[in-house]
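Structure first, commentary second.
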Amino acid sequence: AQSVTQLGSHVSVSEGALVLLRCNYSSSVPPYLFWYVQYPNQGLQLLLKYTTGATLVKGINGFEAEFKKSETSFHLTKPSAHMSDAAEYFCAVNPSGGSYIPTFGRGTSLIVHP
Amino acid sequence: DVKVTQSSRYLVKRTGEKVFLECVQDMDHENMFWYRQDPGLGLRLIYFSYDVKMKEKGDIPEGYSVSREKKERFSLILESASTNQTSMYLCASSSSAASGANVLTFGAGSRLTVL
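Line by line, the protein sequences are chains U and P. In this text, residue positions in the first sequence follow this note's numbering: the first is 1000, and each later residue adds one. In this text, residue positions in the second sequence follow this note's numbering: the first is 58, and each later residue adds one.
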C-alpha cells in the first residue's frame, strides 16, 4: 500500500517569495507522482506529474517538482509567488504497474500575502 | 475542451431524503470515481468504476451507492441523507491506457448540505 504525507496544512508566503510545498510518499514499488491544484470553488486540475525519466518536472504556471528517491520526496516549488497562486495543492502517488487509483495527501492551502 | 460535468453545484436536502449526484464525462474514459472532500481530511474515495455496470468500494462507501449504466455517466446515490454527509463531492474520470500514470480529470464539485 502507498501513502502520502503533506507537511503543513497551511503555508503562507509573501508575493514574490519562494513557494515550497512538501510531499513525502511511501510506496513498495517505483511510484508515479502527481501534484494537483484546486482553485476556490473549482475541481482539481493537474499541475505536473512524474512517471519516468528526468527527475525534475516542470508544470504549469511556473511550478516544478523534483523526485528524490533517496528521500522519498516530491516537493513542489515556484521561485516567485503570485497572488493568483493562492489555492489548495494536493500531492498524489500511484505505484507503477499497479492500479489506476491514486492515493492523495490531505492537501496544503497556499496563502499569498501582498 | 474535455470535460467532467457534475449536474448540481449546490444542493440543500433534508435528513432522510434520497439524493442523486450525477456526473458525465465526454472523454470516453473507462474509469470513473466519486470522492468526498472535507477540510483537513483531503480527498476520500467513496466508490469507483472501471467499466459499465462495474463498481468497487473505496475507503468510505457506507451510506452511499453508485450506478453506472452507461460509460459516460456515473451516479452517486445517498439512500437516506444524514447531516454527516454534508460535504463537497467530486467526480473524476481517467483512461486505463497508461495504468497508474493516468491523470484524473475532475468535475467542479457538488456541495451538498443536509439539514
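Note that CB positions come from ideal geometry on N, CA and C, so glycine has one too. Small disclaimer: the values here were computed from a predicted structure and weren't measured.
Work out the CA separation of residue j and residue i for me, nearest whole Å.
i	j	result
phenylalanine 1073(U)	aspartate 95(P)	24 Å
glutamine 142(P)	arginine 71(P)	11 Å
tyrosine 146(P)	lysine 1068(U)	33 Å
leucine 135(P)	leucine 1017(U)	44 Å
proline 1113(U)	proline 1078(U)	16 Å
cysteine 148(P)	phenylalanine 163(P)	6 Å
glycine 120(P)	lysine 60(P)	28 Å
Taking only beta-carbon positions, decide if residue i is within less than 8 Å of chain U.
i	result
glycine 73(P)	no
asparagine 88(P)	yes
How would you label residue i, buried or exposed, when you count the other beta carbons within 10 angstroms and need 16 or more for buried?
i	result
serine 150(P)	buried
leucine 161(P)	buried
methionine 89(P)	buried
histidine 86(P)	buried
alanine 1000(U)	exposed
alanine 1086(U)	buried
phenylalanine 77(P)	exposed
arginine 66(P)	exposed
serine 106(P)	buried
With 8 Å as the threshold, decide whether the Cβ of residue i is near any Cβ in chain P.
i	result
arginine 1105(U)	yes
tyrosine 1038(U)	no
leucine 1071(U)	The question names leucine, but residue 1071(U) is threonine in the sequence shown. With 8 Å as the cut-off, threonine 1071(U) does not count as an interface residue toward chain P.
tyrosine 1031(U)	yes
isoleucine 1110(U)	no
proline 1113(U)	no
proline 1078(U)	no
On the DSSP bridge assignment, give the partners of residue i in chain order.
i	result
tyrosine 67(P)	Arg168(P)
serine 1002(U)	Ser1025(U)
isoleucine 1059(U)	None; isoleucine 1059(U) has no bridge partner.
threonine 1102(U)	Val1092(U)
phenylalanine 1033(U)	Lys1048(U), Ala1091(U)
serine 132(P)	Ser124(P)
glutamine 94(P)	Leu100(P), Met145(P)
(Q) Beta carbons nearer than 9 Å to chain U: which residues of the segment 144–165 of chain P have them? (A) Cβ contacts with chain U: Leu147, Cys148, Ala149, Ser151, Ser152, Ser153, Ala155, Ser156, Gly157, Ala158, Asn159, Val160, Leu161, Thr162, Phe163, Gly164, Ala165.
(Q) If the cut-off is 8 Å on Cβ atoms, which residues from the segment 98–111 of chain P count as contacting chain U, listed in chain order? (A) Leu98, Gly99, Leu100, Leu102, Phe105, Tyr107
Q) the segment 1039–1061 of chain U: which residues have C-beta closer than 9 Å to a C-beta of chain P, in chain order? A) Answer set for the segment 1039–1061 of chain U: Asn1040, Gln1041, Gly1042, Leu1043, Gln1044, Leu1045, Lys1048, Thr1050, Thr1051.
Q. Mind listing which residues of the segment 1008–1020 of chain U have their C-beta closer than 8 Å to chain P's C-betas, in chain order?
A. Ser1008
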